[in-house]
Amino acid sequence: MTDQTDAPFAFFGANCEAGLRALTLMQESRERFLEIQLDAIRRDIETTREVGEQLANASNFAAFATLPVTILRNEAEHCAQLMQAWMSLAIHNQTAMVEQMREAGESWQRCQATGLQQAGNTASMMAPVQALFEKFSQAAALKPALNGTGAKPADGALAATRKKAIHAS
């Protein structure tokens with residue numbers, strides 16, 4: 449028999465589900481990013497072919513002199529399109545992540561409500577959840593502001609000693 453203050457299994461399932469959704473979003477984002485890059489590469493190849501044709505068709509130095517301007521204009525257009533695609537992807541990812549966080553919060557609320565109904569009172573579910581968050585806040589309070597050596601910034605002599613020991617080994 450389990451203690452009434454144990455967190456229900458639904459909490460753990462909800463967390464796993466939220467994690468898998470976030471992982472799926474990241475993988476889909478990577479896929480979309482690669483598609484954007486592939487489109488950009490295809491455009492660059494096409495532009496290079498067009499410039500090669502223009503170079504082959506250049507009959508004099510005046511036509512040849514216009515090629516750098518054409519290349520620069522095309523490159524600026526491609527970079528602007530690429531930046532727009534990246535920004536669109538970033539906005540999509542941000543919106544999807546906020547939606548996932550909202551769904552995870554609702555799932556936690558449903559799990560908590562179910563647990564409270566099963567337990568019969570409001571105090572039984574709050575203790576383990578509160579203890580969990582207290583552990584996180586304690587860990588955050590114990591973590592010192594690091595300067596790359598593990599020492600607090602005000603402890604310069606100790607930091608210098610540690611650096612020497614690290615570099616000596």
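When we follow our numbering, the leftmost residue of the sequence shown carries the number 449, and every step to the right adds one. Even for Gly, the Cβ is constructed at its ideal location relative to N, Cα and C.
query: CA nearest to the CA of Ala470, picked from Gln565, Cys559, Val546; result: Val546
query: Member of Val517, Ala544, Gln557, Gln565 whose CA lies at the smallest distance from the CA of Met474; result: Ala544
query: Status (buried if at least 16 other CB within 10 Å, exposed otherwise) for Gly563; result: buried
query: Span of the alpha helix (DSSP H) around Thr495; result: 457 to 505
query: Cut-off 7 Å between Cβ atoms - residues of its own chain near Ala488, not counting five sequence neighbours on either side; result: His526, Leu530
query: Inter-stretch contact at 8 Å, needing at least 3 Cβ pairs: the region 547 to 558 / the region 458 to 472; result: yes
query: Assigned exposure category for Gln560 - 16 Cβ within 10 Å defines buried; result: buried
query: 6 Å Cβ shell around Leu537 - same chain, five flanking residues per side excluded; result: Arg480
query: Status (buried if at least 16 other CB within 10 Å, exposed otherwise) for Phe509; result: exposed
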